[in-house]
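Each residue of the sequence shown is one higher than the last, beginning at 222 in the working numbering.
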Amino acid sequence: MSDCLFCKIVAKEIPAEIVYETGRTLAFQDINPQAPTHVLVIPKEHHANAAALAAADDGLADEVLKTAHEVAVLGGVSESGYRVVFNTGPGAGQTVFHVHAHVLGGRDLTWPPG
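Below, the structure is given as structure tokens:
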């Protein structure tokens, strides 16, 4: 999508601090981190939200989760614990409508969130 912020990051039209990349996923630092580790993991292919990603049914959702785990390993939070969050829809706090997983860690994460 030509006006999608994350599609522009994938196309390298907008800079981002990339921490990990595969052929189909991209992980980069959140510009407004909520934890010491706060990385966004996106598929390079545009899907509006987690439901659309799941409906694609081509293994991409699995790859996004594998990338999220690799980000946690690289960030040193895989052993202590980390959270993976998908906000789906405006009522859940989704502000960029290109599916993205937040990988959060490096501090105690309380429950329930928000």
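For every residue, glycine included, the Cβ atom is placed at its ideal position computed from N, Cα and C.
Beta-carbon proximity list for residue i, same chain, < 6 Å, skipping 5 on both sides
{"i": "residue 298", "result": "258, 326, 327"}
{"i": "residue 237", "result": "230, 249"}
Residue of the options minimising C-alpha distance to residue i
{"i": "residue 309", "options": "235, 301, 303, 322", "result": "322"}
{"i": "residue 315", "options": "275, 269, 233", "result": "269"}
{"i": "residue 243", "options": "294, 288, 296", "result": "288"}
{"i": "residue 320", "options": "235, 234, 275", "result": "275"}
{"i": "residue 337", "options": "305, 228, 277, 281", "result": "Because residue 337 is not part of the residues shown, which for the chain are 222 to 335, the question remains open."}
Residue i versus residue j: straight-line alpha-carbon distance, rounded
{"i": "residue 266", "j": "residue 273", "result": "11 Å"}
{"i": "residue 264", "j": "residue 285", "result": "6 Å"}
{"i": "residue 283", "j": "residue 333", "result": "25 Å"}
{"i": "residue 313", "j": "residue 307", "result": "9 Å"}
{"i": "residue 329", "j": "residue 317", "result": "26 Å"}
{"i": "residue 303", "j": "residue 239", "result": "19 Å"}
{"i": "residue 311", "j": "residue 225", "result": "16 Å"}
{"i": "residue 271", "j": "residue 301", "result": "26 Å"}
{"i": "residue 223", "j": "residue 234", "result": "11 Å"}
{"i": "residue 241", "j": "residue 281", "result": "16 Å"}
{"i": "residue 292", "j": "residue 279", "result": "22 Å"}
{"i": "residue 256", "j": "residue 277", "result": "30 Å"}
{"i": "residue 295", "j": "residue 331", "result": "23 Å"}
Sequence-distant residues of its chain with Cβ nearer than 8 Å to residue i (five each side left out)
{"i": "residue 251", "result": "259, 260, 261, 323"}
{"i": "residue 245", "result": "264, 265, 266, 281, 284"}
Per DSSP, the bridge partner or partners of residue i
{"i": "residue 248", "result": "241, 262"}
{"i": "residue 304", "result": "325"}
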